[in-house]
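Asks: The following block contains the structure, expressed as structure tokens.
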Amino acid sequence: DTGVSQNPRHKITKRGQNVTFRCDPISEHNRLYWYRQTLGQGPEFLTYFQNEAQLEKSRLLSDRFSAERPKGSFSTLEIQRTEQGDSAMYLCASSWWGPPYGYTFGSGTRLTVV
Amino acid sequence: GIQVEQSPPDLILQEGANSTLRCNFSDSVNNLQWFHQNPWGQLINLFYIPSGTKQNGRLSATTVATERYSLLYISSSQTTDSGVYFCAVEPGGTSGSRLTFGEGTQLTVNP
């Protein structure tokens, strides 16, 4: 198993453009999580899936954000009409549904909006 | 929502020293995890420890759920231990949903 994979590693985009990130979780894990981390802060929860169902969304996830996990495997996070405040590290994690709920994080996608 | 406080915010050690990091949380939890974020940004899960004590090499952790705190012990620290240590919790009554992270302890181990 190669762990949780995220692509791209870095993304620089102009304000107003749309961006999409991809996360491939550990294959045995049926839960997938998206978090956002800004400099000097701990990660903040955005949303999570169990299989293909999106079970919870944070209030941080505005209408410009959408996440999908179409076949219960990989997931995508799209940000429309990016703003400078969207600049952050976007982290994906996966876990098994039952205890122990230990997360495995990917390396993240660093988004810079200019 | 649940509050997570970590202390100290910064810690500087000489190689070989021991340290204790603390995590206080404001409500009952059924999931508590410790993570290490290395200087390249990778978050590594160290422990899943909602209660009790665990050890893994030079690292050990203890969670006293009734008193709402957890401790991470690092013994014989090495320069590779440098980075940010996060405590993250999930409130009781939920199962495997969102984790709330503390602000972390920045550890620097000097040679």
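Going down the list, the protein sequences come from chains A and B. The numbering of the first sequence is my numbering, which starts it at 17 and goes up by one. The numbering of the second sequence is my numbering, which starts it at 3 and goes up by one. Yeah, the Cβ is synthetic: ideal placement off N, Cα and C, and Gly gets one too.
State the beta-bridge partners of Phe27/B as determined by DSSP.
Replies: Answer is Val6/B, bridged to Phe27/B.
Asks: Is there a Cβ of chain A sitting closer than 8 angstroms to that of Phe88/B, yes or no?
Replies: True, the Cβ-Cβ gap to chain A drops below 8 angstroms.
Asks: Going by DSSP, which residues form a beta bridge with Gln35/B?
Replies: According to DSSP, which records beta bridges pairwise, Gln35/B is partnered with Tyr50/B and Ala90/B.
Asks: Quick check on this structure: which residue in Pro10/B, Ser30/B, Ser72/B and Ser99/B has the alpha carbon closest to the alpha carbon of Ile4/B?
Replies: Considering only alpha carbons, the answer is Ser30/B.
Asks: Given a cut-off of 8 angstroms, decide if Leu23/B and Tyr87/B are closer than it, judged by their beta-carbon atoms.
Replies: For Tyr87/B and Leu23/B, yes; Cβs fall inside 8 angstroms.
Asks: Note down, in chain order, each residue of its chain lying with its Cβ closer than 7 angstroms to the Cβ of Ser77/B, except the 5 sequence neighbours on either side.
Replies: The residues are Asn20 and Arg60.
Asks: Would you say the stretch 47-67 of chain A touches the stretch 95-109 of chain B, given that touching needs at least three Cβ pairs under 8 angstroms?
Replies: With a cut-off of 8 angstroms, the stretch 95-109 of chain B and the stretch 47-67 of chain A count as touching, because enough Cβ pairs lie within range.
Asks: Leaving out five residues on either side along the sequence, give the residues of the same chain with a beta carbon under 7 angstroms from the beta carbon of Glu1/B.
Replies: The structure shown does not extend to residue 1/B, since chain B is modelled only from 3 to 113, so the question has no answer here.
Asks: Starting from Ser89/A, follow the beta strand (DSSP E) in both directions and report where the run begins and ends.
Replies: Element bounds for Ser89/A: n/a, residue is neither H nor E.
Asks: Here's a check: name, in chain order, each residue in its chain whose Cβ is nearer than 6 angstroms to the Cβ of Ser51/B, leaving out the five neighbours to either side.
Replies: First, the amino acid is wrong: residue 51/B is Ile here, not Ser. Excluding positions up to five away in sequence, the list reads Leu34, Ala63 and Thr65.
Asks: Can you give me the Cβ contacts of Asn47/B inside the same chain, cut-off strictly under 7 angstroms, excluding the 5 residues immediately before and after it?
Replies: Correct list, in chain order: Gln35 and Phe37.
Asks: Is the beta carbon of Trp50/A sitting closer than 8 angstroms to the one on Thr36/A?
Replies: No, Cβ-Cβ distance for Trp50/A and Thr36/A is not below 8 angstroms.
Asks: Is there a Cβ from chain B that is less than 8 angstroms from the Cβ of Tyr106/A?
Replies: Cβ-Cβ to chain B under 8 angstroms: no for Tyr106/A.
Asks: Give me the chain B residues within the contact set of Gly101/A, using Cβ-Cβ distance strictly less than 9 angstroms, ordered along the chain.
Replies: Correct list: empty, because the minimum Cβ distance to chain B is about 19 angstroms.
Asks: Would you please verify whether the beta carbon of Tyr75/B is less than 8 angstroms from any beta carbon of chain A?
Replies: Closer than 8 angstroms: no.
Asks: What whole-angstrom Cβ distance do Ser84/B and Pro41/B have, given they're in contact under 8 angstroms?
Replies: The pair is a contact, with the Cβ atoms about 7 angstroms apart (cut-off 8 angstroms).
Asks: Would you call Asn67/A buried or exposed, if buried means 16 or more other Cβ atoms sit within 10 Å of its Cβ?
Replies: It counts as exposed.
Asks: How about Leu71/A: is its C-beta nearer than 8 angstroms to some C-beta of chain B?
Replies: With 8 angstroms as the cut-off, Leu71/A counts as an interface residue toward chain B.
Asks: DSSP three-state label for Glu72/A, please.
Replies: Strand at Glu72/A.
Asks: Verify whether the separation of the beta carbon atoms of Phe121/A and Arg38/A is less than 8 angstroms.
Replies: Contact flag unset, no.
Asks: Can you find a CB in chain A that lies within less than 8 angstroms of the CB of Gln35/B?
Replies: Yes, Gln35/B counts as interfacial toward chain A.
Asks: How big is the Cα-Cα spacing for Ser82/A and Ala90/B?
Replies: Answer to the nearest angstrom: the Cα atoms are 25 angstroms apart.
Asks: Helix, strand or coil for Thr81/B, going by three-state DSSP, please let me know.
Replies: The answer is helix: DSSP assigns Thr81/B an H, G or I state.
Asks: How many angstroms separate the CA atom of Ala69/A from the CA atom of Glu7/B?
Replies: Rounded to whole angstroms, Ala69/A to Glu7/B spans 32 angstroms at the Cα level.
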